[in-house]
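Here the structure comes first, spelled out in structure tokens, and everything after it is commentary.
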Amino acid sequence: METVSPPSLADDFRDVMSGVCTPVAVVTTMDGDRPHGTTVSAFASLSLEPPMVLAALDRRSELLALVRAHGRFGLNVLASGQQALATRFARKGADKFQGVPWRTEHGLPRLPGVAGWLACRVHRLVDGGDHVIALGLVDAAQRLAVSPLTYHARAFGTHLPVTGERC
Ligand SMILES: Cc1cc2nc3c(=O)[nH]c(=O)nc-3n(C[C@H](O)[C@H](O)[C@H](O)COP(=O)(O)O)c2cc1C
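Per the UniProt record's numbering, the very first residue in the sequence shown carries number 1; after that it's consecutive.
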């Protein structure tokens with residue numbers, strides 16, 4: 001009789017998390033004069049007083065090594081339609097910014113047309129399994145009135161309110 005192995009906990013976990021709709025950002029920092037960025041969906045607001053944000057970065061991430069060294073990072077919250085940037089910055093390599101317009105703000109790389117921008121100082125780097133959680137103190141914040149890019153079931157999308165009510 002054929003036996004089917006039960007799916008592993010890791011597979012079940014991945015499956016559950018793929019059903020969680022997340023925002024998408026490009027976290028950036030500087031490597032000397034060179035900008036570097038990485039696509040991140042594991043980020044969230046942490047504190048209002050003082051304003052703080054968290055981002056979970058893979059231990060093997062080049063960006064993490066650079067954030068450790070630089071002590072600062074920018075968080076570019078992507079807008080609906082910016083999925084090509086999300087895909088580009090999910091690659092490896094030192095040339096991810098090649099051909100991408102950007103400017104320096106608070107000494108950090110900022111992408112144009114993003115839905116939100118945060119300039120952060122690293123408060124602490126906390127171990128979290130195979131990731132490291134960067135806790136950032138927010139030095140500057142700006143929102144643009146555009147729809148956000150979202151990620152759900154391995155596809156990019158955006159948010160659609162189901163009612164006109166706000167809470
Ligand atoms: C939609 C999406 C979300 C991602 N979220 C994260 C994340 O939260 N943290 C992380 O470390 N990597 C995340 N990644 C993977 C990184 O972008 C990818 O590993 C990247 O190549 C790392 O580049 P680096 O080594 O230059 O930092 C995500 C990728 C995609 C496509």
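Think of the CB as a built atom: it goes at the ideal place given N, C-alpha and C, for glycine as much as any other residue.
Taking the CB atoms as reference points, tell me whether residue i and residue j lie closer together than 9 Å.
i	j	result
Leu75	Phe43	yes
Val122	Gly136	yes
His106	Cys21	no
Ala141	Leu160	no
Leu108	Arg72	yes
Met30	Leu54	no
Thr39	Ala90	yes
Shorter than 8 Å, the distance from the beta carbon of residue i to the closest heavy atom of ligand 1, or not?
i	result
Gly116	no
Ser80	no
Asp31	no
Asp139	no
Within a Cβ cutoff of 7 Å, which residues of the same chain sit near residue i, ignoring the five residues on either side of it in sequence?
i	result
Gly157	Thr150
Ala56	Ala42, Gly128, His131, Ile133
Let me check understanding here. Comparing Cα to Cα, which of the options lies closest to residue i?
i	options	result
residue 182	Asp11, Leu57, Leu48, Ala84	Residue 182 cannot be examined here, being either before or after the span of the chain that is shown, 1 to 167.
Sorted by chain position, which residues of the same chain lie with C-beta nearer than 6 Å to residue i's C-beta, five sequence neighbours on each side aside?
i	result
Ala69	none
Val146	Ala79, Ala115
### Task
Identify every run of the beta strand (DSSP E) within the UniProt domain "Flavin reductase like" (17–158), keeping only runs that are complete inside it and at least 3 residues long; order them along the chain.
25–31, 34–40, 43–47, 52–58, 72–77, 103–105, 108–110, 116–128, 131–143, 150–152, 155–157
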